[in-house]
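Last residue of the sequence shown: number 1116 in this note's numbering, and the count goes up by one each step with no gaps.
Here the structure comes first, spelled out in structure tokens, and everything after it is commentary.
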Amino acid sequence: MSALGKVVRAGVGRKRVQTLVMVLTTMMSVMACILAVGLLVAAQGPYQRSFSDQHGAHLNVLYDQAKASPAQLAAAAHAPGVSASAGPYPALTVQPRSGPGTRFPSAGSLLPPMTLVGRGQGGPMDDLRITNGRWIQGPGEVVFLDGHSPLAVGDSAQFTDLPGQPTLKVVGLAASVSWSADGWIAPEQVAGLTPPGTAPAAQYLYRFARAGTDAEVEADRAALAAAVPGGALTKATSYRPAQAEANRTASTFVPFVTAFGALGLAMSVLIIGVVVSGAVSAATRRIGILKSLGFTPAQVARAYVGQALIPAGIGTALGVFGGNLLSVPVLGMAHKALRGGLLGIPLWVDVLVSVVALGAVAGTALVPALRAGRLRTVEALAVGRTAPGAKRATEHGDSVRAGAAGPLSRLKELIGRLPVPRAFSLGLASPLNRPGRSATTAAAVVLGTVGVTLCVGLTLSLSSLQDGLVADRAGKVLVQPPIEGSAVPVDHVDEAAVAKAIDAHPGTRAWYSSVPTPVTVAGNTGRSEVEALSGDASWSGFQLVSGRWFHGPGEVVVSAAFLRANQVKVGDTVTLTDHGRSTPAKITGEVLTTNDLVFLDRAALAPLGGAIHAEALSFHIDLTPGTDAKAYADGLDEVVKPMGLSADEGGPGINIVVLAMNTLAGTLTLLLSVVAGLGVLNTVLLDTRERVHDLGVLKALGMSPRQTIGMVLTSVCGGGLVAGLIGVPIGIVVHHQVMPAMARAAGIGVPDVDLSVFSPSVVGPLILGGLVLALLGAALPATWAARTRTVTALRTE
């Protein structure tokens, strides 16, 4: 082995603690960067990747087999523009109930109409990917479309209006890139779910040469309709809504992942710079020895760059391994939320991050190594044996004695006069010995505090935003739409009697009813659904992005989708129409919802005839504190069942997108916090080792281990507190930029209530978080300093 190689190996082996810190720092930095870059890549066009991987269909079509022969349906595969087809698969449109043992919604609740298709999991088109549970193994089982299923794995669906009242157990949830059905059953199950005297529809899946826009998809549908007898094509579902939802969801991930990625990159560069430059600076005396032995400045630089690259290389390798390992659950959750995308880190991401990390280490090590290499041998030996503070006092001794001390010296004097124990004042003044190093470490803690603040803010905002988005389904108890087949006719439901029953039931605090109406908006270019509310909806949690809630007839609140589609704004007037009647209504506010909705007072329907869809009427009930929702729902259900209604526990389920974002933010924040803590540990360790002789003198003068720990911990208190005071406001500013960017990507605005989440009770602990982060990083060096024997410290140079 060459002399240079021996120097490198000896340097790495001699400073084991510092080498370990460098390995851990590089490892955590690389893990954070790999995860952040991997998430960014996963959020770029996940639907397109899934569509290609799963052989998605541009159109899934249902044909009435009574109006077209199998040969005619098969011939439609040769219609103009068709490039591939699959089918036929038997398809049924059913409306089941939640079966026995189902908790949410409770057993017996009427479920939305569904299209069930009898087919296998694979096929030439629209491969189905199981996301939870397993695929069906025979009759009696069903797999539902993930993200659109009202039931979970283990629940059951019952068909009470069919002979024998068959029941299907939910054995799995599957992802369909084309949304080709609401659920899938075994082909041999179709006969048992087909009402007597009817026949199932035939489903075909198609791909087209040109289907990139809604207009092209509509032209393709028209070509299929023209290829079969009139009326045979009963339903055609485009892939475009699935694509739009997936891309919109993916776009919401980009802003916050970009923010965390930028924080992670900046912090990694800072910390690696502190660790590497500190290691080289601490070896200045050894550099002088090497120069005295004949090493050139270039050889010295190569030696210390090599000493930095060895632990950094090990840390990078471990970071790549750990980042890919951690990406399995993290990207798995992101894949579920995005309904597609990557399930692993691409190789080019591993290579890119590794090259950047090692390049940063080499570049950071090269600068101080070259600077030290250019020192004269005598100077390098002298600097290495003299503490920074002592060196400065030697160079400026006369000026200091004459009272012409520099700003740092005067600041040390002021700190020394503070009414605190001497150990604490020494600790407070310690960062002034290495102001550059201390400032860089404090900057890393600032970035860590920014990350923690952003994570806390996003968690609170997303939770509040989610509450607002599901406000139209709010209610601890819901009185559901009329039961199909009930003895009470749908159009004879006595709303007054239902309201009286709700008011009289013990535990009722407030309620309101909602119902979709046939009312339309004149000139509406979208597909807006008009919801009429009655009762006290003030508790429901509807959030306004701008404006105010409606105060009665003649006013409406609308969604952002409605404003965009109709090119109107809050304050404009629209015209409500129904059966030839019309009435003006002023838009008083924009309500938070991703759907194209219009909300109005039920009384606004009077000028239009007052018609409603009674079969869709629902009551949302809030309960007094301490009331058991299940017991209340069971009791009310007995009262309203004779009226043709059912009462069930309400409340929204877990939103996978919000859960994924919170999990990702928490994971990245944890990594950033660990990196910042390692940076503090390294800085304090270097400072403590450089001043170990002074520490021995203080111990010889009577400083106890407890005082030593207090001195070392105090040395980071000032920087940690300042980091909190600086980092928290920056984190709040970043949060106020990221949240609106995420909302814009989702096509909605952010209500003020979802941005104003930083109350004093939140900000206070966050500010102290920088101090806690610094103290945790300094705890290990403080313990080492306290345990160092006085004789050992005095003998150490």
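Here a beta-carbon is modelled for each residue, glycine too, at the ideal position from N, C-alpha and C.
Cα-Cα separation, residue i to residue j
i	j	result
aspartate 445	alanine 476	24 angstroms
threonine 772	leucine 589	19 angstroms
valine 840	phenylalanine 918	12 angstroms
alanine 1098	phenylalanine 1077	30 angstroms
valine 489	tyrosine 366	26 angstroms
alanine 820	serine 833	17 angstroms
alanine 530	arginine 559	9 angstroms
alanine 578	isoleucine 664	19 angstroms
leucine 512	leucine 411	8 angstroms
alanine 542	leucine 552	11 angstroms
leucine 987	valine 864	30 angstroms
proline 485	glutamate 460	11 angstroms
glycine 985	cysteine 774	6 angstroms
valine 686	leucine 1090	31 angstroms
proline 825	serine 783	29 angstroms
proline 781	valine 789	One point to set straight first is that residue 781 is leucine, not proline, in the sequence displayed. About 12 angstroms.
alanine 1062	threonine 450	27 angstroms
valine 719	asparagine 1001	With a pLDDT of only 38 at valine 719, under 50, the local geometry of the prediction cannot be trusted, and no value is derived from it.
valine 739	methionine 1030	11 angstroms
alanine 815	tryptophan 858	21 angstroms
Any non-hydrogen atom of the ligand FAD within 7 angstroms of residue i CB
i	result
leucine 1040	Inclusion of the ligand FAD in the displayed structure is not the case, the ligand content being empty and no account of it being possible.
Per DSSP, cross-strand counterpart(s) of residue i
i	result
alanine 829	Asp941
aspartate 920	Leu852
aspartate 967	Leu797
glycine 452	Gly491
threonine 896	Thr839 and Ser901
arginine 526	Ala403
glutamate 460	Lys488
valine 834	Ala851
serine 865	Glu909
asparagine 752	None, per the DSSP bridge assignment.
aspartate 419	A small correction: the amino acid at residue 419 is proline; aspartate does not occupy that position in the sequence shown. Proline 419 is not bridged to any residue.
tyrosine 951	None; tyrosine 951 has no bridge partner.
proline 409	Ala521
Beta-carbon gap between residue i and residue j smaller than 8 angstroms
i	j	result
alanine 500	leucine 464	yes
valine 462	alanine 510	no
tyrosine 408	valine 436	yes
glycine 1066	threonine 902	no
threonine 896	valine 838	yes
leucine 358	threonine 421	no
isoleucine 1045	valine 765	yes
leucine 990	methionine 341	no
glycine 642	valine 349	yes
alanine 966	alanine 952	yes
methionine 1022	alanine 748	no
isoleucine 455	alanine 505	yes
glutamine 373	valine 496	yes
tyrosine 525	leucine 392	no
alanine 1093	valine 1011	no
Buried/exposed call for residue i, threshold 16 Cβ in 10 Å
i	result
threonine 345	buried
lysine 795	buried
tryptophan 667	exposed
lysine 888	exposed
lysine 1018	buried
leucine 997	buried
aspartate 813	exposed
proline 1070	buried
arginine 1106	exposed
leucine 777	buried
alanine 569	buried
leucine 737	exposed
glutamine 508	buried
serine 402	exposed
threonine 1033	buried
leucine 1020	exposed
proline 630	buried
alanine 316	Shown here, the chain extends from 320 to 1116; a query on residue 316 therefore has no answer.
glycine 1096	buried
arginine 729	exposed
leucine 617	The identity of residue 617 in the sequence shown is alanine, whereas the question assumes leucine. So alanine 617 counts as exposed.
Scan the stretch 504-562 and note each continuous alpha helix (DSSP H) run of 4 residues or more that stays entirely inside, going in chain order.
509-512 and 533-546
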